[in-house]
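Structure follows, in structure tokens:
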């Protein structure tokens, strides 16, 4: 059917709420929900209970990001999150809701009190997951609130104390169940389960893994060795005796933007910490632990951290290849520490700050989980012989875990602590999990068409870009880890390149794929196109922190776009969020470049993602807005319709049959 298409790069309604400058954020949300109830198919009862659990203003965009959840009888309802993005206090820029409609009809047999205690729930889960409890599980604090929020001892099955709280969950029979929400971080670090256990029947209704497993090829794995208690006492003593360390430290590392030992030599980096992101420096100790990361060996010498002494000089010899006798632990962990801090400081400039849920021990009063929380990265190096890497992301206020292995992936032992794009890839999982859906809702990227692996590959590529690179170059991920040459193809189906003969992936390429990596790499290919379109216009800037090049603009747009991406997203959601970010940060100056890049890979205006729970029902398209079209193209209007309240007739989209 032929249609006239109204277009806005925002692709959503700017909803103005009268007199909202004098209203609180909660009043704004309430007003918007009630005025939109019919459109959202929600009754007054559905809107009776909800709460905001996180709200912050973006530094660059000045968008206030609000995240909340629907409730029933004082308890959160799982998977009913909403996010609202407000401009200048009175305009709703974007709204996404998973509220349950006609909620009361789904509560016929809903209990209000649990049959199972929290301790019984953990014992039940341990049995179902075949985890052996070696210590009696006990409640460590007095349960707080209607949800009985509490911490329980690890029982010998979890790295951390086990958090538990009551909430509701809509089961497959469309009935609301009372559940225990429990998180267990398995001792080997490879699984961090967030579970919803029916508090009546003891059945697991939902199981999500907070660990993103970037699995390649597996080899024998060594056991996890926890740090001895006496080591912590020694650390605290050293910390208390250390002097001020702002802008202090020298690191002999494969420094940004060097990809790996195959791509360049080590250099001595003096005071590389960024004052805005790390105002008190990288170190709380003279070894590799500080406000942003604690980097340590966690294999056969678990708990080892190289010590830079009073001058904070981390200059240690390195020997290749890795072997049990030549582990070069100090050099490897120093590189791991340096790169975790570098990533923290760079992405801070583009909006991954304390308020949005970044990884820090002390938030310096800048927002986020606050002084009582601790969420610096536990970066574990040389964990064992395994062609793999992990990143576990709990909600804001709890420590994430990065696990880097020594992988015999290409016939030779290669230490993952030197594959810098892989380190950035793992850290990227933390960025996307904290930003999509808000920092307290890290389970948003568990649907079938989510693009987590793609964002991670992209961050790895971005932080290792050099001025000599071209878009048509072949860029592989994991070349060092897999024993490939510097220009090797990497570990994805194709290396990344804007040359379609090198990397032919389009939106249709996700159809029939299995696992997150083949899907995510298609998204990364699209983001790579966007990046190079922007570089072609604005140039490349070697200043990763304050530059104005296309690479800096891309970092702004993708990072802000994560905040604007709906929970359980698909590719179209991700595309529209980046377009919206450009509207808000750069006034829409880059709309045509962004559309051209996405359309080249089949994510043009007429593309449809279908259900984000199904990667096989999308439809690709190569059309762009008429304002971005060359005048000599054939025209059709047989594309889906977007409607926006306040559009001008001159913004009608004309679709092209010709790929850009």
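Numbering (the numbering used here), first residue to last: 3 to 662.
For glycine and all other residues, C-beta sits at the position ideal for the given N, C-alpha and C.
Note that the structure is a prediction, hence the values are computed from the model and not measured.
By the C-beta density criterion, residue 278 is exposed, having fewer than 16 other C-beta atoms within 10 angstroms. Across the structure, residue 567 and residue 430 are spaced so that their CA atoms are roughly 15 Å apart. Residue environment: residue 352 is assigned as buried (16 or more neighbouring CB atoms within 10 Å of its CB, all protein chains considered). Rounded to whole angstroms, the separation of the alpha carbons of residue 556 and residue 413 is 36 Å. Look at residue 483 here: in three-state DSSP terms it is coil, with no helix or strand label. Here residue 117 has 201, 202 as same chain residues with Cβ atoms under 7 Å from its own Cβ, once five neighbours each way along the sequence are excluded. Sorting 598, 357, 424, 264 by C-alpha distance to the C-alpha of residue 397 places 357 at the top. If you compare the alpha carbons of 331, 172, 27 with that of residue 77, the shortest gap goes to 172. With fewer than 16 other beta carbons inside 10 angstroms of its own, residue 272 counts as exposed. Shown here, residue 632 sits in coil according to DSSP, grouped into three states, outside any helix or strand. Residue 406 and residue 419 have their C-alpha atoms roughly 6 Å apart. The three-state secondary structure of residue 608, taken from DSSP, is coil. The count of Cβ pairs closer than 8 Å, one atom from the segment 289-297 and one from the segment 330-347, reaches three, so the stretches are in contact. Residue 576 places its beta carbon less than 8 Å from that of residue 563. Burial check for residue 44: the Cβ neighbour count within 10 Å reaches 16 or more, so the residue is buried. Inclusion of residue 184 and residue 135 in the CB contact set at 8 Å is not warranted, their separation being larger than that value.
Under the three-state reduction of DSSP output, residue 294 falls in the coil class, being neither helix nor strand. By the beta-carbon neighbour count (other beta carbons within 10 angstroms, threshold 16), residue 474 is exposed. The residues 54, in chain order, have a CB closer than 7 Å to that of residue 28 in the same chain once the five nearest residues on each side in sequence are set aside.
Proximity to residue 89 across 67, 623, 105, 544 peaks at 67, based on C-alpha coordinates. Per DSSP, residue 436 lies in no beta strand (DSSP E) segment; the continuous alpha helix (DSSP H) that holds it begins and ends at 422-437.
Following the DSSP letters along the chain, one finds residue 252 inside the beta strand (DSSP E) bounded by residues 252-255. Distance from the CA of residue 335 to the CA of residue 297, rounded to the nearest whole angstrom, comes to 6 Å. Note on residue 137: under 16 other CB atoms within 10 angstroms of its CB, so exposed under the neighbour-count rule. Across the structure, residue 267 and residue 317 are spaced so that their CA atoms are roughly 14 Å apart. Pairing residue 314 with residue 346 gives a Cβ-Cβ distance that is not under 8 Å. Sixteen is the threshold: when 16 or more other Cβ atoms of the shown chains lie within 10 Å of the Cβ of residue 542, as they do, the residue is buried.
Taking 3 residues as the shortest admissible run, the segment 361-424 contains the following complete beta strand (DSSP E) segments, listed from N- to C-terminal end: 379-383, 391-394, 403-406. Relative to residue 432, the option among 130, 380, 261 whose CA is nearest is 380. For residue 269, there is no enclosing alpha helix (DSSP H); the residue is found in the beta strand (DSSP E) stretching over 269-272.
For residue 165, the enclosing beta strand (DSSP E) stretches over residues 164-172. Secondary structure note for residue 66: its beta strand (DSSP E) is the uninterrupted segment 65-74. Residue state for residue 144 is assigned as coil, using DSSP reduced to three classes. Sequence-distant partners of residue 204 (beyond 5 residues in either direction) whose C-beta falls short of 7 Å from its own C-beta, in its chain, are 118, 126. Following the DSSP letters along the chain, one finds residue 98 inside the beta strand (DSSP E) bounded by residues 93-99. Membership of residue 461 in the alpha helix (DSSP H) is indicated by the continuous run 454-464.
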